[in-house]
Amino acid sequence: MIFGSHVSIKNGYLGAAKQAASFNAAAFQYFPKNPRSLSVKSFDKEDAKMCKEFCTEKEIVSVAHTPYPTTLTPADNKKKEQVIVSLLSDLEIAEACGSLGVVVHFGKNIFRDDPLASYRLMLEVLNHVLCQWEGECKILLENMAGKPGTMGTALEELVQLRKLCDYPEKIGYCFDTCHAFASGLWNGDNWKQLLEKGVELDYFEHLVVFHLNNSKYDTGSGKDRHANIFDAGYIKEEQFSQVMESRLIENIPFILETPKEVVSHKKEIQQLQQRWGAV
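Residues in the sequence shown are numbered consecutively from 0, following numbering that gives the first Met the number 0.
So this is what it looks like as structure tokens:
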């Protein structure tokens, strides 16, 4: 099992990788630049190269996560251009660091009178980005935590968006356990059915990373509030076990985005390794 957590880049990309190693993690996630801005600046390519070399040596895998303002359904043309440029920057940095991909949240419905318009806008943004991208690093679409039936909460949506994109080979998936639980996609007791649906849709074939998070609210709440894995949320240990024991997701990294105030990520990674490391 490959366990890790989100880490800071305050000490650079190599520093982030070394922090992950100090946690005894086999994976980590990071923001490639300022997480609260879409502004693009030059990055330290030597630092990124050393990060890649360190991760290769230590057999650590990584993924990047786009800054918070990133959206595949921007409200106007100015924002759309900012998102496109920012995403290309994220991909460039992640590629230089040797990362598997860049996680991007599925879009939201911003057109009241035409729900399909939001999907068309997402395709437009993705095609603009990916027609310019020639690297190995992928865009990783993440499922949303909205109320059941809202945009980005069904596997069918993620799969269809990838299929309709002009560059499906440049897109993969990120499955967030808290988001899936909050949206009702996974209610804690239907993992077998979800696996069957994912296989039918060819979803798991392109799944690259898990966000491993418990939920502070019950399934179907639509609330994206992460909790620690053990004895801290509505998802029970035995329900997580069903996920961990799935042969379909062998060798896929599990990245913690859980609160660090009560249980540190280092401690929580240790707990995960003790509980499921030998699965």
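By construction, the Cβ of each residue, glycine as well, lies at the ideal position given by its N, Cα and C atoms.
Remember, it's a predicted structure, so these values are computed and weren't measured experimentally.
If you draw a straight line from the alpha carbon of residue i to that of residue j, how long is it in whole angstroms?
i, j, result
"alanine 116", "isoleucine 234", "34 Å"
"glutamine 81", "proline 31", "16 Å"
"threonine 152", "glutamate 52", "37 Å"
"tyrosine 12", "aspartate 112", "44 Å"
"proline 114", "asparagine 108", "6 Å"
"alanine 226", "valine 261", "10 Å"
"lysine 44", "isoleucine 92", "8 Å"
"glutamate 56", "valine 207", "21 Å"
"serine 38", "asparagine 76", "16 Å"
"arginine 119", "glutamine 238", "36 Å"
Do residue j and residue i count as a contact pair if the criterion is CB distance below 8 Å?
i, j, result
"histidine 210", "isoleucine 254", "yes"
"alanine 95", "alanine 47", "yes"
"cysteine 173", "asparagine 213", "no"
"glutamine 270", "phenylalanine 229", "yes"
"asparagine 250", "leucine 184", "no"
"aspartate 175", "cysteine 130", "no"
"alanine 26", "isoleucine 8", "no"
"valine 84", "proline 252", "no"
"leucine 247", "lysine 196", "no"
"glycine 232", "alanine 144", "no"
"serine 36", "proline 66", "yes"
"isoleucine 268", "alanine 24", "yes"
Report all residues from its chain with a CB closer than 7 Å to the CB of residue i; omit the five preceding and five following residues, and keep chain order.
i, result
"methionine 121", "Leu71, Thr72, Gly106 and Leu160"
"tryptophan 132", "Leu87, Leu90 and Lys169"
"serine 98", "Ser61, Val62, Ala63 and Cys136"
"glycine 134", "Leu90 and Glu94"
Relative to the C-alpha of residue i, which residue among the options is closest?
i, options, result
"phenylalanine 22", "Cys177, Gly3 and Gly183", "Gly3"
"aspartate 89", "Asp75, Lys77, Pro68 and Ala74", "Pro68"
"glutamine 241", "Trp275, Ala74, Gly232 and Cys130", "Trp275"
"glutamate 236", "Gly134, Gly187, Glu135 and Ala26", "Gly187"
"valine 103", "Phe110, Cys136 and Pro114", "Cys136"
"proline 258", "Tyr118, Tyr166 and Lys215", "Lys215"
"leucine 125", "Tyr202, Lys162 and Arg224", "Lys162"
"aspartate 223", "Ala179, Asn189, Glu155 and Asp43", "Ala179"
"asparagine 33", "Asn10, Ala74, Phe110 and Tyr118", "Asn10"
"proline 167", "Lys17, Ile138 and Ala24", "Ile138"
Please go through the same chain and pick out, in chain order, the residues whose beta-carbon is closer than 8 Å to the beta-carbon of residue i, but skip the five residues on each side of it.
i, result
"glycine 219", "Lys146, Pro147, Ala181, Ser182, Gly183 and Asn186"
"leucine 157", "Phe105, Leu140, Asn142, Gly151, Tyr172 and Tyr202"
Between residue i and the rest of its own chain, which residues show a CB-CB distance below 6 Å, the 5 nearest in sequence each way excluded?
i, result
"histidine 5", "Gln28 and Glu256"
"alanine 20", "Lys57"
Ranges of the alpha helix (DSSP H) found wholly within the region 188–243, counting only runs of at least 4: 190–200 and 236–243
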